Amino acid sequence: MRVLQQAIRVYTERDRWETVIKFYEVLQGVQCERQVHIPETNVDAAKVGGVLILGADGDVLDELRLVNAVYYVDSLDESFAWLEMNGSEVIHAPQAVTGGRNLTARHPDGLVVEYFEPAKKKETV
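Count the sequence shown with the working numbering and you get residues 932 to 1056, in order.
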């Protein structure tokens, strides 16, 4: 298991979506790398440098705010095994999501992290 990247998670109401993305672009001096709508949760996500911005409405935001960060990993299965062997509580087991697979775990110190393995890009010949 290797952590490829990590990002803090930031939450915003949909009506502030573009403003928040622009703020973090200017703050970090980088462009938004990717925006995606996650249909299974009706959440919008944008990756800007070391920040993952999640946009939603009302109660959905309250539930999302329980997670503090995201670790992008090369193997979710190895991460799952390592977390269980090292005292973390797996809150949500590995599952398929838009763009890959994820799980949510509470570290022994209480930090709640989403572990995300991006889907492998299909090679064309």
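Even glycine gets a Cβ: it sits at the ideal position worked out from N, Cα and C. As the structure is a prediction and not an experimental result, all values here were calculated from the model.
- Taken through DSSP and simplified to helix, strand or coil, E949 comes out as helix.
- Around the beta-carbon of I984, 16 or more other beta-carbon atoms lie within 10 Å, marking it buried.
- Per DSSP, reduced to three states, the secondary structure at V998 is coil, with no helix or strand assignment.
- Under the three-state reduction of DSSP, V957 is assigned to helix.
- Between the stretch 989 to 1002 and the stretch 939 to 954 there are three or more inter-stretch CB-CB distances shorter than 8 angstroms, so the stretches are counted as touching.
- With a 10 Å radius around the Cβ and a threshold of 16 neighbouring Cβ atoms, N1033 comes out buried.
- Straight across, the Cα-Cα distance linking I952 with I939 is about 14 angstroms.
- Contact annotation: E971 and T1029 have beta-carbon atoms nearer than 8 angstroms.
- Nearest neighbour of W948 by Cα position, chosen from V979, R933, G960, turns out to be V979.
- Under DSSP, Q937 forms a beta bridge with Y1002.
- Under a 10 Å Cβ-count criterion, V967 is classified as exposed, with fewer than 16 other Cβ atoms of the shown protein chains found around its own Cβ.
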